[in-house]
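Numbering (the UniProt record's numbering), first residue to last: 1 to 426.
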Ligand SMILES: Cc1ncc(COP(=O)(O)O)c(C=O)c1O
């Protein structure tokens with residue numbers, strides 16, 4: 001689908017279809033239940049957990065954007081993931097990538113180990129023998145997240161789907177990082193797409209939501225049945241907000257990608273960045289595949305700070321524009337430390353396997369003026385450079401005084417790690 005078609009779908013979804021009063025903007029239906037036309041005579045709608053006109057308008061728009069047969073709007077991205085997993089039974093194997101959103105990883109591992117809901121196999125799709133590993137697992141379902149969170153690793157969706165077809169496995173793609181404007185996994189052979197609509201699709205960081213889009217209407221209907229049965233469908237108000245946010249998805253992404261390009265160029269020249277992760281870079285290992293299967297490189301990038309972890313609080317404290325917060329995809333720029341925030345539910349070993357280093361920093365680039373965003377990061381790097389000079393000076397003095405050559409790592413964790421009671425929910 002071209003950008004212009006996506007722009008038309010998003011701008012026009014549900015517009016000028018109100019038969020009651022001719023409202024141009026589709027109304028918000030805040031009702032839990034619907035009057036029956038007569039005894040034993042069902043109307044179009046009966047109860048809002050099953051169906052709601054506002055939610056249906058959003059679902060229809062997202063279905064068209066992903067070019068699917070059915071879309072189910074859910075209360076969160078996690079409930080969309082949970083819904084897709086209803087296709088699995090205890091004897092089925094789910095293959096997941098070794099690096100994915102921490103909350104998805106927590107859902108998969110806990111359902112597999114504590115509920116025996118399915119068998120789980122983790123695969124590094126970046127390894128050359130990934131297809132052999134998948135074949136050996138004999139999966140019923142393969143889960144992909146490309147670009148992955150937080151390292152922006154790219155998986156070849158078409159290649160995985162071709163293999164999956166031979167194995168009679170379903171492929172689910174979490175398309176949250178790009179939105180249907182920049183990637184349409186169903187067209188590349190996937191069976192199901194999930195999104196956290198909390199991110200780019202809503203784009204204003206003011207709701208939590210999700211969507212599942214199925215290519216096959218039979219699978220879509222089965223999952224719609226499960227969505228009602230489990231009660232994971234999304235609220236009408238949040239659907240209204242998401243539809244409103246969706247209208248500007250195309251221009252938002254254009255601006256966000258433009259800013260990301262400029263920030264990435266700046267970060268490439270920054271001596272305090274030891275590694276930069278962005279699929280738009282020609283030396284990114286997934287660049288060619290990203291170029292082939294995406295229509296843009298997105299507005300997320302990550303980098304390793306070339307400083308000890310003790311420098312992280314200094315860096316974050318000196319930023320004025322980038323907000324230190326979870327989530328991504330909103331019009332405001334956010335910064336996060338995946339190790340202690342979005343991926344805190346992965347233990348240290350799992351983080352290490354996934355390649356999430358102690359000084360990895362993730363940026364979700366917004367629509368602010370790029371020069372201001374660059375100046376903000378520069379202030380952070382300047383503060384770290386000053387801190388490095390001072391701490392080197394102080395460390396030398398301390399070592400001489402105490403004979404202690406330790407790194408003081410424990411105190412950093414105390415300073416920087418966020419409230420552990422909260423991380424349990426991330
Ligand atoms: C890639 C990805 N998938 C799923 C989710 C879960 O979405 P939600 O927070 O809306 O439940 C997130 C959340 O950050 C995510 O980044």
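We treat Cβ as the ideally placed atom computed from N, Cα and C, and that holds for glycine.
According to DSSP, residues forming a beta bridge with residue i
i, result
"residue 304", "275 and 360"
"residue 9", "Answer by DSSP bridge pairing: none, since residue 9 is not bridged."
"residue 291", "Residue 291 is not bridged to any residue."
"residue 141", "94 and 170"
"residue 73", "211"
"residue 121", "95"
"residue 33", "47"
"residue 38", "41"
Given residue i as reference, the closest of the options once Cα atoms are compared
i, options, result
"residue 295", "48, 8 and 182", "182"
"residue 154", "236, 229 and 280", "280"
"residue 360", "366, 332 and 308", "308"
"residue 350", "47, 105 and 368", "105"
"residue 76", "34, 45 and 232", "232"
"residue 168", "152, 176, 199 and 135", "135"
"residue 158", "187, 117 and 282", "187"
"residue 118", "156, 140 and 23", "140"
"residue 31", "357, 264 and 45", "45"
"residue 198", "255, 190, 226 and 207", "207"
"residue 248", "193, 138 and 179", "179"
"residue 56", "156, 321, 242 and 278", "242"
Rounded C-alpha distance that separates residue i from residue j
i, j, result
"residue 78", "residue 113", "18 Å"
"residue 26", "residue 8", "16 Å"
"residue 327", "residue 94", "26 Å"
"residue 19", "residue 383", "60 Å"
"residue 422", "residue 195", "Bear in mind that the predicted position of residue 422 carries a pLDDT of just 37, short of 50, making it unreliable; the figure below should be weighed with that in mind. Approximately 23 Å between the Cα atoms of the pair."
"residue 60", "residue 219", "16 Å"
"residue 130", "residue 96", "12 Å"
"residue 275", "residue 203", "28 Å"
"residue 6", "residue 301", "24 Å"
"residue 70", "residue 377", "42 Å"
"residue 323", "residue 3", "30 Å"
"residue 427", "residue 11", "Any answer about residue 427 is impossible in this case: the structure gives the chain only from 1 up to 426."
"residue 92", "residue 74", "24 Å"
"residue 224", "residue 240", "20 Å"
"residue 287", "residue 160", "17 Å"
"residue 17", "residue 237", "19 Å"
"residue 177", "residue 40", "46 Å"
"residue 435", "residue 381", "What is shown of the chain runs 1 to 426, which leaves residue 435 out entirely."
"residue 312", "residue 166", "47 Å"
"residue 325", "residue 348", "21 Å"
"residue 410", "residue 271", "Note on residue 410: pLDDT 38, under 50, position unreliable in the model; no value is reported."
"residue 431", "residue 229", "No statement about residue 431 is possible, as the shown extent of the chain runs from 1 to 426 and does not include it."
Exercise for the section: Any chance you could list the alpha helix (DSSP H) runs of at least 4 consecutive residues sitting entirely within the region 308 to 382, in chain order? Expected result: The region 308 to 382 is shown to contain whole alpha helix (DSSP H) runs of 4 or more residues at 312 to 317 and 348 to 354, in chain order.
Practice task
Output the residue ranges of the beta strand (DSSP E) runs that lie fully inside the region 162 to 249 and measure 3 residues or longer, sorted by chain position.
Solution key: Fully enclosed beta strand (DSSP E) runs of 3 or longer: 170 to 174, 192 to 196 and 210 to 214.
Problem - Segment contact, 8 Å Cβ cut-off, at least three pairs: the region 76 to 94 with the region 204 to 215 - result: By the Cβ test, the region 76 to 94 is in contact with the region 204 to 215, since at least three Cβ pairs between them sit closer than 8 Å.
Handout entry: Segment contact flag, the region 100 to 112 with the region 133 to 146, C-beta cutoff 8 Å, min 3 pairs
Key = In the pairwise beta carbon analysis, the region 100 to 112 is classified as touching the region 133 to 146: at least three pairs are separated by under 8 Å.
Handout entry: Three or more C-beta pairs below 8 Å linking the region 115 to 126 and the region 254 to 271
Key = Not touching, per the Cβ criterion.
Practice task
Check whether the region 361 to 371 touches the region 328 to 343, taking contact to mean three or more Cβ pairs, one atom from each stretch, closer than 8 Å.
Solution key: Cβ pair count under 8 Å is three or more, so yes.
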